[in-house]
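Novice:
Protein chains: 2
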Amino acid sequence: MKNKCSLLLSLLILAFQAIGQQTTQEKLGYSKDTKLLIIHADDLGVSHSEDSASIYALENGYVTSGSLMVPCPWFSEIAAYGSRHPDADLGIHLTLTSEWKYYKWDAVAARDKTGSLLNSKGFFYDDLDSLGKMAKPDEIEKELRSQIEKAKEAGIHLTHLDSHMGSCFFNKDFLKIYLKLAREYKLPSLLNVNAFKVIYHVDISDLITNKDVLTDNVFMAFPPNDKAQHEAYYTNMLNTLQPGLNCVLIHLAYNDAEMQAITLDHPDYGAAWRQADLDFFSSDRCKQLLVSNKIHLITWKEIKDKLMQ
Amino acid sequence: MKNKCSLLLSLLILAFQAIGQQTTQEKLGYSKDTKLLIIHADDLGVSHSEDSASIYALENGYVTSGSLMVPCPWFSEIAAYGSRHPDADLGIHLTLTSEWKYYKWDAVAARDKTGSLLNSKGFFYDDLDSLGKMAKPDEIEKELRSQIEKAKEAGIHLTHLDSHMGSCFFNKDFLKIYLKLAREYKLPSLLNVNAFKVIYHVDISDLITNKDVLTDNVFMAFPPNDKAQHEAYYTNMLNTLQPGLNCVLIHLAYNDAEMQAITLDHPDYGAAWRQADLDFFSSDRCKQLLVSNKIHLITWKEIKDKLMQ
């Protein structure tokens with residue numbers, strides 16, 4: 040009997056190891072050579088311009104997914120959309136910074152419990168360095184939990200978490216909170232070992248378990264980029280996309296008065312940059328590249344339903 | 040000696056009575072038959088559309104004055120303008136409501152000290168009735184004081200107070216706070232005995248002292264009004280304006296995507312209504328009517344400087 044149990048245990052371990060060696064695309068039921076791509080719109084809720092461009096792209100299939108910023112002025116608009124469209128693939132763009140010159144927001148949780156996250160004017164800090172220097176981890180957790188709860192209360196069917204300006208990836212203490220919340224709410228979250236090492240100088244490999252879903256490659260057309268550069272960057276990205284779970288982070292808005300005023304005096308990430316994203320991903324050229332490169336679009340919801348239950 | 044004192048006292052009383060009988064325009068150094076008019080833009084800070092239209096009107100002399108909403112998303116934009124333009128006639132549009140469907144704001148003071156002003160979603164109430172029913176006067180005072188202090192800290196040279204949606208005129212308890220703050224900060228405030236009686240059913244006459252500046256007539260083109268109705272209303276108003284201190288409350292914004300989205304599903308006070316205000320007050324027709332009716336434009340700053348020191 041003892042021998043039988045040992046054999047069974049060994050087989051189970053081998054089976055788990057084999058599963059452990061599976062690629063994410065295989066875990067999701069696709070062949071190993073499948074190029075999966077999430078086309079992800081960030082910053083929903085920040086402005087009406089961003090909301091309307093992102094909703095247009097979601098409804099026309101130009102993006103698969105988006106994530107929204109709960110503390111921002113137009114949260115109620117995108118929350119109402121999310122509650123009316125339970126199949127829209129929406130997550131939370133966890134927000135700890137307020138980076139624009141004249142258009143500001145602050146904490147969702149009680150301000151007397153999030154004081155370390157706020158500047159002297161009562162708004163979130165403009166930049167990651169100030170946040171990293173001043174923020175107390177327990178106040179970050181309180182605030183991020185409040186953002187998730189507020190989105191759920193608004194009736195949004197959350198599919199994932201990610202982080203505005205990567206503030207949750209700033210250091211390991213912040214990252215642990217991000218992982219804790221993702222696991223607790225059973226939501227996949229944007230995680231990429233290499234990108235975090237290169238951009239945020241933080242090695243997350245020892246924090247990851249085999250229950251976490253890793254994104255193999257994360258892409259973003261970092262500014263400055265004009266429309267022609269955008270098209271060249273994304274064309275190359277799609278033509279050279281590798282098998283695995285890939286995610287491209289884009290930012291959709293119209294190059295209109297509202298978005299121009301929000302991004303005033305901010306050299307990067309402006310209204311024209313957002314319009315260029317919209318122009319490329321809504322183009323026939325993009326559609327053709329997705330087809331010719333046999334890229335399979337996937338939502339965070341599919342990942343959540345298949346791997347996080 | 041006693042008789043001399045009595046005589047002096049009687050003369051002083053008579054002199055004070057004579058001053059008391061002076062019209063506001065006389066107190067300000069104008070003749071009794073002067074038609075003074077404040078052309079006042081409400082709602083600055085609510086949106087970029089409202090800010091840019093109002094600044095355009097202030098800089099071109101189409102309005103004399105404006106008041107800003109401290110809790111709103113674009114407060115920092117108009118505050119920066121105010122601090123850079125100390126001569127711009129800006130007051131505070133004290134705000135206790137958040138009336139739009141998908142575009143919300145809440146208290147400036149700590150939320151745990153203003154709980155009676157906030158709905159279940161953490162925003163100000165949409166309507167005056169809910170505010171009137173739920174708000175605790177001490178929390179109103181805390182919030183309004185915080186709005187004034189935040190505006191002062193932002194470097195705005197405040198010239199007056201008034202009240203968004205007339206929430207401070209809703210009942211006598213609220214009105215007493217409004218008067219208390221105006222007197223404490225030595226700011227003139229929008230006060231009109233008849234209008235308050237007719238619109239808000241509150242009789243303020245027993246609360247007024249001779250130190251308070253009363254506006255003789257307050258005008259506003261209440262919706263629904265299209266452009267032609269606007270023009271007819273204002274033309275008649277200017278042609279029949281009476282001597283005294285008059286104030287017309289207007290709301291300037293562009294009929295653009297941002298303002299249309301803000302005022303969504305709100306039958307009145309929409310983007311077109313605001314554009315119509317801008318169109319009339321920036322027109323040659325308006326300019327001609329002001330000249331032909333010998334209307335003298337005045338700012339709240341002049342009133343503050345002459346009567347509130």
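If you read the sequences in order, they're chains A and B. Heads up: the first sequence runs through residues 40 to 348, numbered per the numbering used here. Heads up: the second sequence runs through residues 40 to 348, numbered per the numbering used here. Don't be surprised by glycine CBs; every beta carbon is placed ideally from N, CA and C.
1) Enumerate, from N- to C-terminal direction, the unbroken alpha helix (DSSP H) stretches of 4 or more residues contained entirely within the region 48 to 125 of chain A.
2) Please go through the same chain and pick out, in chain order, the residues whose beta-carbon is closer than 6 Å to the beta-carbon of B:K189, but skip the five residues on each side of it.
3) With respect to the beta strand (DSSP E) encompassing B:V257, which residues constitute its N-terminal and C-terminal limits?
4) Using alpha carbons as the reference points, say which of A:S137, A:N294, A:K343 and A:E98 lies closest to A:S253.
5) Could you tell me the alpha carbon to alpha carbon distance between B:L107 and B:L291, rounded to whole angstroms?
6) In chain order, which beta strand (DSSP E) runs of at least 3 residues are fully inside the region 209 to 244 of chain A?
7) Whole angstroms is fine: what's the gap from B:K340's alpha carbon to B:A234's?
8) According to DSSP, simplified to helix, strand and coil, what is B:V330?
9) Measure the alpha-carbon distance for A:K225 versus B:P227 and round it to whole angstroms.
10) B:N285 by DSSP, collapsed to three states: which one?
11) Within its chain, find whatever has a CB closer than 8 Å to the CB of B:Y120; leave out the 5 residues flanking it on each side and keep chain order.
12) Given a limit of 7 Å on CB to CB distance, which residues of the region 105 to 118 of chain B reach chain A?
13) I'd like to check one pair, A:C207 with A:L214: are the Cβ atoms closer than 8 Å?
14) Locate the alpha helix (DSSP H) running through A:A318, then write down its first and last residues.
15) What does A:H305 touch in chain C if you count any residue whose Cβ is under 9 Å from its own?
16) Give a yes or no on whether the minimum CB-CB distance between B:K143 and chain A is below 8 Å.
17) Distance check for B:E116 and B:E178, CA to CA, integer angstroms please.
18) Drop a sphere of 10 angstroms on the beta-carbon of B:N285, count the other beta-carbons inside from all chains shown, and report buried for 16 or more, exposed for fewer.
19) What residue range does the alpha helix (DSSP H) around A:I301 cover?
20) Determine, for B:E297, whether the minimum Cβ-Cβ distance to residues of chain A falls below 8 Å.
21) Compile a chain-ordered list of the residues in the region 75 to 108 of chain A whose CB is closer than 9 Å to at least one CB of chain B.
22) So A:H132 and A:H240 are supposed to be a Cβ contact under 8 Å. How far apart are they, rounded?
23) Leaving out five residues on either side along the sequence, give the residues of the same chain with a beta carbon under 6 Å from the beta carbon of A:L277.
24) Look at B:P76 and B:L303 and say whether their C-beta atoms are less than 8 Å apart.
25) Quick one: measure Cβ to Cβ for B:A193 and B:A271, integer angstroms, because I've assumed they're closer than 8 Å.
26) Quick one: Cα of A:L83 to Cα of A:T134, how far?
27) To the nearest angstrom, how far is it from the Cα of B:Q314 to the Cα of A:Y69?
28) How should B:N275 be labelled, buried or exposed, when 16 other C-beta atoms within 10 angstroms of its C-beta is the threshold for buried?
29) Rounded to whole angstroms, what's the CA-CA distance from A:I334 to B:Y293? Just pull it up for me.
30) Identify the residues that DSSP records as bridge partners of A:G130: which are they?
31) For B:D201, write down the residues that DSSP places opposite it in a beta bridge.
32) Along chain B, which residues have their Cβ under 8 Å away from the Cβ of A:D151?
33) By a C-beta neighbour count over all protein chains shown, 10 Å radius and 16 as the cutoff for buried, is B:P176 buried or exposed?
34) Can you pull the chain A neighbours of B:A190, defined as C-beta to C-beta under 9 Å?
35) Quick one: residues in its chain with C-beta nearer than 6 Å to the C-beta of B:Y217, no 5 flanking neighbours on either side, listed in chain order?
36) Between B:K74, B:I289 and B:Q281, which lies nearest to B:F320 when the distance is taken from Cα to Cα?
Specialist: Looking at the atomic coordinates:
1) As far as the region 48 to 125 of chain A is concerned, its whole alpha helix (DSSP H) runs of at least 4 residues are 63 to 66, 87 to 98 and 114 to 123.
2) Hits under 6 Å: V109 and V147.
3) N256 to F258
4) At residue 253 of chain A the sequence reads Leu, which differs from the Ser that was named. The option with the nearest alpha carbon to A:L253 is A:K343.
5) 12 Å
6) none
7) About 23 Å.
8) DSSP, read as helix, strand or coil, puts B:V330 in helix.
9) 56 Å
10) strand
11) The answer, listed in chain order, is D90, I94 and A127.
12) Answer in chain order: P112, W113, S115 and E116.
13) yes
14) The identity of residue 318 of chain A in the sequence shown is Asp, whereas the question assumes Ala. Counting along the chain, the alpha helix (DSSP H) containing A:D318 begins and ends at A310 to F320.
15) Of the protein chains in this structure, namely A and B, none is chain C.
16) Closer than 8 Å: yes.
17) 27 Å
18) buried
19) In the DSSP annotation of this structure, the continuous segment of the alpha helix (DSSP H) that includes A:I301 starts and ends at A296 to I301.
20) yes
21) S86, H87, S88, D90 and S91
22) About 22 Å separates the beta carbons of A:H132 and A:H240, which is beyond the 8 Å limit, so they are not a contact pair.
23) L328 and N332
24) It should be noted that the sequence gives Leu, not Pro, for residue 76 of chain B. No, they are not a contact pair.
25) That belief does not hold up - the Cβ atoms of B:A193 and B:A271 are roughly 39 Å apart, past 8 Å.
26) 11 Å
27) 55 Å
28) Exposed is the label assigned to B:N275, since fewer than 16 other Cβ atoms lie within 10 Å of its Cβ.
29) When the Cα atoms are used, A:I334 and B:Y293 turn out to be separated by approximately 43 Å.
30) A:S106
31) B:H132
32) A149 and D151
33) exposed
34) Listed along chain A is no residue with a C-beta nearer than 9 Å to that of B:A190; the closest approach is about 12 Å.
35) C207
36) B:I289
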